[in-house]
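Reading through the structure tokens given below for one structure.
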Ligand code: MN
Ligand code: MN
């Protein structure tokens, strides 16, 4: 592989939790995920054999955000140079501006969304930009061609109607198997809400929802993607709820797996 032709992948931290509906705290996540990622306790190789310490992956640090429109500008700064981006949240509200920015550079984006919750509310407590709403905004504005949601186990009547309206592919947790996740055919954006994973594996989240994915299943779902991954985010890590850094270690593992997937397919 000719490395000189490869794009850069920018890792960006977005310490923003103003749109969290229940608990604040995930604004503190990015430095702690980095600490786990750079810890002497682990090495920098992903399971596909890629060393994420390579010249194509650059950690750009954290960016302070006052409102979500700032996130569009931050992402755009790197996308404009031809970079791909992986963002560390922050709450899930940041996915809407991130996908909005990506949609200016890629057409037909397909989203793999891992979450206990569909995040398809039209509004929550009067806020259409709540962390419970990003995928409603994305689908309304046709920023993505396809939305595949995996790990879902909290869907209610309103969100079921929203999913039908937007043609969302809901892969519910009930009777789930990794082979239920469909293949993708266009560039993929991966959005991982850590509460999609069972709280036994990821206790450091605001909304504990038992009966979720295992760490292994999420790694396998990511590994099965065989089209370019052009962007992504890992959101909703709430350090105040973590136990012995288990969740930050999982977030760091998923950073490695997603970055290595982004590297091999660009
Ligand atoms: Mn969630
Ligand atoms: Mn979410």
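In this note's numbering, the protein residues as written are 159 to 424.
Even glycine gets a Cβ: it sits at the ideal position worked out from N, Cα and C.
Per DSSP, the beta-bridge partners of residue 328 are 307. In the displayed model, residue 333 falls within coil according to three-state DSSP, outside both helix and strand. Rounded to whole angstroms, the separation of the alpha carbons of residue 190 and residue 197 is 10 Å.
Counting along the chain, no beta strand (DSSP E) covers residue 195; the unbroken alpha helix (DSSP H) around it starts and ends at 187-195. In the assembly as shown, residue 316 is an exposed residue. Its beta-carbon has fewer than 16 other beta-carbons within 10 Å. Considering only 252, 286, 243 and 368, the residue with the shortest C-alpha distance to residue 217 is 243. Under the three-state reduction of DSSP output, residue 238 falls in the coil class, being neither helix nor strand. Residue 408 carries a helical assignment under DSSP once its states are collapsed to helix, strand and coil. Between residue 171 and residue 397, the C-beta gap is not smaller than 8 Å, which leaves the two residues out of contact. Residue 345 is classed as buried because its beta carbon has at least 16 other beta carbons within 10 Å across all chains shown. DSSP, read as helix, strand or coil, puts residue 179 in coil. The C-alpha of residue 214 is placed about 6 Å away from the C-alpha of residue 167. In the DSSP assignment, the residues bridged to residue 387 are 346. For the 8 Å CB-CB criterion, residue 226 and residue 348 do not form a contact.
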